[in-house]
Amino acid sequence: MSDNFSYTITAQKGDERAHCAVIKTPHGCIETPNFIFCATHGAIKGLAMEQLIATGAQFVLGNTYHLWLQPGPDVVEKHGGLQRFTGWNRPMLTDSGGFQIFSLGYGGVVDEIKGKKDRSARPKSLLKITEEGAFFRSYLDGSLCFLSPERSIQIQQKLGADFILPLDECTPFHMKKDATAASMQRSHRWEFRSLQQFYNNFNDRQRMYGIVQGGVYEDLRRESIDFVNQQPFFAQAIGGSLGGDKQQMYEVVDFTMRYLSKNRPTHLLGIGGLRDILEGVQSGVDTFDCVHPTRIARHGCALIAKPETDFAKEHINLKNGIYKEDLNPIDTECDCYTCRNFSRSYLHHLFKAKESTGGLLLTIHNARFMVRWMEKIRNAIQTGTWAEFYKAHCC
RNA sequence: GGUGGGGUAUCCAAGUGGCUAAAGGAUGCAGACUGUAAAUCUGUCAGGGUUUCCCUUUCGAGCGUUCGAAUCGCUCCCCCACCA
Numbered sequence: 005m006s007d008n009f010s011y012t013i014t015a016q017k018g019d020e021r022a023h024c025a026v027i028k029t030p031h032g033c034i035e036t037p038n039f040i041f042c043a044t045h046g047a048i049k050g051l052a053m054e055q056l057i058a059t060g061a062q063f064v065l066g067n068t069y070h071l072w073l074q075p076g077p078d079v080v081e082k083h084g085g086l087q088r089f090t091g092w093n094r095p096m097l098t099d100s101g102g103f104q105i106f107s108l109g110y111g112g113v114v115d116e117i118k119g120k121k122d123r124s125a126r127p128k129s130l131l132k133i134t135e136e137g138a139f140f141r142s143y144l145d146g147s148l149c150f151l152s153p154e155r156s157i158q159i160q161q162k163l164g165a166d167f168i169l170p171l172d173e174c175t176p177f178h179m180k181k182d183a184t185a186a187s188m189q190r191s192h193r194w195e196f197r198s199l200q201q202f203y204n205n206f207n208d209r210q211r212m213y214g215i216v217q218g219g220v221y222e223d224l225r226r227e228s229i230d231f232v233n234q235q236p237f238f239a240q241a242i243g244g245s246l247g248g249d250k251q252q253m254y255e256v257v258d259f260t261m262r263y264l265s266k267n268r269p270t271h272l273l274g275i276g277g278l279r280d281i282l283e284g285v286q287s288g289v290d291t292f293d294c295v296h297p298t299r300i301a302r303h304g305c306a307l308i309a310k311p312e313t314d315f316a317k318e319h320i321n322l323k324n325g326i327y328k329e330d331l332n333p334i335d336t337e338c339d340c341y342t343c344r345n346f347s348r349s350y351l352h353h354l355f356k357a358k359e360s361t362g363g364l365l366l367t368i369h370n371a372r373f374m375v376r377w378m379e380k381i382r383n384a385i386q387t388g389t390w391a392e393f394y395k396a397h398c399c
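Just add 4 to wherever you are in the first sequence, counting from 1, and you've got the numbering used here.
Below, the structure written as structure tokens:
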């Protein structure tokens, strides 16, 4: 194998697990800790890639399931891969569709994975899961779809992102331990098949992550870690249910990180709260991804650093009436295009008037905010002040 | 001047005798959102209170019929359409 890919730890103090590293890919390097922005359908909702690049973002994620249904992997392949297709000529990862088995499969309990209560019940479009794979009803046209580990990898090989994920099965929080264990073991078999497919058609411009399952159970997580550590993955991700509340999530991530290989980059799937990221970094996580910053932007919320020591509220809602005549920018410290040019009052107006530009401007702010948040974290680690930084924000 | 239609809460708009403090929508006020079927979803929206219950004031205005009226009758005010 060539040296298209590498993982190098660049800063780590004493016996702290928090560290900085560089992940090298054919499309450039990623400095970690870092945040991966979600471009599920091959676009950052509300932004042109040019605008995301301007924020300093380094890493973007697309979704196998969505891109498979639309426009289809062959179309992307004809463009020369996802990077050319989307205009993001930088490091990229594709998720396997495993999360969709969960999110489309449990109907109203999409929130289950976070231990939250059933709210907006949706009709489920997952028909059934067998050892072979998952049968879906396409949410686009109702047609029957079948996603297997092999199929997911074939699709991802055509999509051509730098990093790909094996198909796994996510389990909801309220699932009994033996069922969680059975699901985890199936995920392992699926990951093994994914690896076989990957290496059978190996392309030196791609690498694969392993995914740790096991829910909130420490012994299951250890079993899953043993599996992942022993398989020839380039990197590893923590998936599945992380518990019923934040504290449990931090604990699950922490004991999982304790046993995972330190020689591989580690990704925490689907987590992106500001405090959550600090806790993850503290446990040794390299990368995070989350729809939260871009989604809440479209819903009128801007991430803020104001309560530097109180993370009860990590954002403000620009739709609130108090911003109607607020001439200040979202954050006077922020150097993003939105904060340099527009008032909270203007943003409030755009959302009240249902102008999609409001979502665009807040997405720019939130993206830039996340980029700067990760820069602050890396800076603290590089200057040997991580412990103080962490304590100042998390205690 | 004539004929017909209409005036309902912040706005639009259902409702023609009790189950109506009054459907629905919008606006307003707030909340949620964590590997995106999300530019989505939820709550609230006459006033007050000891707030799973009570009181006060409401359907253009007034008077009346009735045990009971946004709903029926009379008078008045205003709006719209067409005809002179």
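For every residue, glycine included, the Cβ atom is placed at its ideal position computed from N, Cα and C. Keep in mind it's a predicted model, so treat the numbers as computed, not measured.
For A15, the CB contacts under 7 Å within the same chain, skipping 5 residues up- and downstream, are H23, C24, I385, Q386 in chain order. Under the 10 Å beta carbon count, P236 is surrounded by fewer than 16 other beta carbons and is classified as exposed.
With a 10 Å radius around the Cβ and a threshold of 16 neighbouring Cβ atoms, E318 comes out buried. For M179, there is no enclosing beta strand (DSSP E), since its DSSP letter is neither H nor E. Within the same chain, Cβ atoms closer than 6 Å to the Cβ of Q201 are found at E154, I157, the five residues on either side in sequence being excluded. DSSP places Q16 inside the beta strand (DSSP E), whose first and last residues are 10-16.
Assigned with DSSP and collapsed to three states, V220 falls in coil, not helix or strand. Looking at R372, Q161, K323, the one whose alpha-carbon comes closest to that of F41 is R372. Within the DSSP secondary-structure output, V64 pairs in a beta bridge with F41, M96.
Buried is the label assigned to T90, since at least 16 other Cβ atoms lie within 10 Å of its Cβ. Judged by DSSP in its simplified three-state form, T59 adopts helix. Look at G214 here: in three-state DSSP terms it is strand. Per the C-alpha coordinates, the member of E222, N38, C174 positioned closest to W377 is N38. The criterion of a C-beta distance shorter than 9 Å is satisfied by L71 and L163. Between G85 and L307, the alpha-carbon positions lie close to 33 Å from each other.
Membership of A306 in any alpha helix (DSSP H) is not indicated; the residue belongs instead to the beta strand (DSSP E) covering 305-307. Distance from the CA atom of E35 to the CA atom of C343, rounded to whole angstroms, is 25 Å.
Scanning its chain for C-beta atoms nearer than 6 Å, with the 5 sequence neighbours on each side dropped, one finds around S152 the residues E136, G137, in chain order. Taking the CA atoms as reference points, A58 sits about 37 Å from S129.
For the set N321, V256, N8, the Cα lying nearest the Cα of R299 is the one of N321. Within the stretch 225-311, the complete beta strand (DSSP E) runs of at least 3 residues fall at 239-242, 270-272, 291-294, 305-307. G247 and K180 have their C-alpha atoms some 13 Å from each other. In the DSSP assignment, no residue is bridged to L131.
Cα atoms of Y221 and Y350: separation of roughly 48 Å, rounded to the nearest angstrom. As the crow flies, the alpha-carbon of V79 is around 34 Å from that of G277.
Between the alpha carbons of V232 and Y327 lies a distance of about 49 Å.
The alpha-carbon of S198 is positioned some 16 Å away from that of S187.
For M212 and L148, the gap between their C-alpha atoms comes out near 28 Å. Taking a C-beta distance under 9 Å as the contact criterion, L97 and L73 do not qualify as a contact pair.
Check the Cα spacing between V257 and each of Q286, Q210, N267: the tightest is with Q286. Cβ contact annotation for N370 (same chain, cutoff 6 Å, sequence separation greater than five): P297, A301, L307, in chain order. DSSP lists C305 as the beta-bridge partner residues of N321. Cβ contact annotation for Y341 (same chain, cutoff 6 Å, sequence separation greater than five): I368, in chain order.
If you draw a straight line from the Cα of R225 to the Cα of S191, it comes to about 12 Å.
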